[in-house]
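A short worksheet on the structure shown next.
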Amino acid sequence: MHNHEYLSYLEHKEELVNNLEFSALPVVHIAFGVNNAYARGMGITIFSVLENNPDLAFHIHIFGSGLDQKSKSLLLELAANHPLAMTCYVFQESAFTDLPLMGRYPQAIYYRLFTPYILSDVTSKLLYLDADTLCIGSYKALSELDISKFTLAAVNDTGRARNKLCPKLGLESGNYFNSGFLYINVPLWTEKMTTERIIQTLSVHGEVLNFPDQDALNITLEHEVMLLPKKYNFICDIILNKVGKKIAIPQDTVLIHYTGKCKPWHLWGTGELAAIYDQYYERSPWKSTPHDMPVSYKEMKRYAQALWHKGQYGSSLYWTFKYMNYKLFRAKVL
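Residue numbers (this note's numbering): 442 to 775.
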């Protein structure tokens, strides 16, 4: 399938803003694959990128099921003081119906796989980021990195993940990269028909993969990836049974990746890692959007633990009672 034919997968394309013509700075292209529920996380990620990269301009490409007007308005505020372009791409509902379903995973897992084709006439290098990441350093050196001999550049996952998944997936290199940060060589990706190869891998192995798109990327591109230092995708888990545990963030860290179910915009996601995130959240256009309240009894328990750790004993006991009540009686959360 020729690159331009993938444009037919799109229902529509919308340019939110483009003031790049007024800037002489080099442009870095960043893609996200999100629905509206993750617009806030993506927005704060973009805000953090802009704050730490005054010597670069950015074109943000947002792939997904569409954003509501409030999300678009908040995103537009980011362009007030920065050289920035933002374009939204909405896929047709039928775009991926012929592709294999991966258990509980939505078809949105395919978004990142098609971005290089759709943007092949726009840029030769594309940075894909998950919306649960936070930039705290400069992308200048990365933007100048030569990846011409590799299909993409990425960062190894944690040692625990590699030890578990490399034998299972048959990865002889001992490497297993995390797909929340992908620096894609667009011409080589399309030349090697990488998306088609990954889909073939999913078709053959999909039912036994724990993390379908990430596992398939690793199987397909094991010998085509440039491994970068972990500073470009520093993986952290802020789940609250680890509250109080000190996590050293290296001074040269460029990107923090909040993996796991607990995110820094969750009220029960407190601690020093969440505090770093909140420094950006409180200065961003989303500062008046409150953090998410606990809903499940597990979230209530973690929130109670976090409050106790912070010395808010009365509030902690209140949420402990709600946790026990909901767990034992499945009472509705008011």
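C-beta atoms are modelled at their ideal positions from N, C-alpha and C, and glycine is treated no differently.
For residue i, the three-state DSSP class (helix, strand or coil)
i: G507; result: coil
i: S620; result: strand
i: K702; result: coil
i: F675; result: strand
i: L681; result: Below a pLDDT of 50, predicted positions are generally treated as unreliable, and L681, at 48, falls in that range; no measurement from the model is reported.
i: K513; result: helix
i: H664; result: coil
i: T528; result: strand
i: Y580; result: coil
i: D719; result: helix
i: L606; result: helix
i: F499; result: strand
i: V627; result: helix
i: I639; result: helix
Straight-line Cα distance separating residue j from residue i
i: A498; j: L623; result: 19 Å
i: K751; j: E713; result: 11 Å
i: C666; j: S757; result: It is worth fixing the name first, because residue 666 is Val in this sequence and not Cys. C-alpha separation (whole angstroms): 47 Å.
i: A602; j: G621; result: 14 Å
i: D509; j: E613; result: 45 Å
i: S514; j: L525; result: 15 Å
i: L519; j: V563; result: 22 Å
i: L568; j: R743; result: 34 Å
i: I501; j: A745; result: 38 Å
i: S535; j: Y551; result: 13 Å
i: D496; j: V645; result: 45 Å
i: F537; j: S449; result: 12 Å
i: V469; j: S584; result: 7 Å
i: G611; j: L643; result: 15 Å
i: H599; j: I676; result: His is not the amino acid found at residue 599; the sequence shown has Thr there. About 7 Å.
i: T574; j: K671; result: 13 Å
i: V596; j: F762; result: 42 Å
i: S464; j: G578; result: 21 Å
i: Y764; j: D539; result: 43 Å
i: H453; j: N476; result: 15 Å
i: P467; j: T694; result: 22 Å
i: M734; j: Y767; result: 15 Å
i: K511; j: V531; result: 17 Å
i: T528; j: A549; result: 18 Å
i: E648; j: I639; result: 14 Å
i: G505; j: E723; result: 26 Å
i: S561; j: D587; result: 18 Å
i: I487; j: E455; result: 18 Å
i: W760; j: C703; result: 17 Å
i: T711; j: A747; result: 6 Å
i: Q533; j: A582; result: 36 Å
Buried versus exposed, by CB contacts within 10 Å (16 or more), residue i
i: I688; result: exposed
i: N619; result: buried
i: S383; result: Outside the shown range of the chain (442 to 775) lies residue 383, about which nothing can therefore be said.
i: S489; result: buried
i: K609; result: exposed
i: N494; result: buried
i: Q692; result: exposed
i: Q655; result: buried
i: A472; result: buried
i: Y718; result: buried
i: S725; result: buried
i: L668; result: exposed
i: A594; result: buried
i: Y769; result: The question names Tyr, but residue 769 is Leu in the sequence shown. Result: exposed.
Selection from the options that minimises the alpha carbon distance to residue i
i: G474; options: L457, S464, L570 and S565; result: L570
i: Y479; options: L466, L540, H732 and I680; result: H732
i: E740; options: I680, N674 and Q692; result: I680
i: G482; options: G755, R743, T730 and M765; result: T730
i: N604; options: D496, N616, A595 and A594; result: N616
i: L517; options: A472, F504 and N459; result: N459
i: Y721; options: E492, E455 and E452; result: E492
i: I660; options: F675, N766 and Q641; result: Q641
i: G701; options: A715, D693 and D678; result: D678
i: A715; options: F762, H698 and N597; result: H698
i: W727; options: I485, V649 and H453; result: I485
i: G779; options: L708, P691, L457 and S464; result: Not covered by the structure: residue 779. The range shown for the chain is 442 to 775.
i: A657; options: K672, E637 and L668; result: E637
i: Y673; options: L748, F762 and Y580; result: Y580
i: N651; options: L662, T631, D539 and C607; result: C607
i: T433; options: A572, W749, S565 and A521; result: The shown model of the chain, from 442 to 775, leaves out residue 433, and the question about it has no answer.
i: W706; options: A572, K454 and L466; result: A572
i: W749; options: S561, W709, N522 and T635; result: W709
i: E462; options: H523, I503, L451 and I487; result: H523
Inter-stretch contact at 8 Å, needing at least 3 Cβ pairs: the segment 624-634 / the segment 550-569: Taking 8 Å as the limit for Cβ pairs, the verdict is that the segment 550-569 does touch the segment 624-634.
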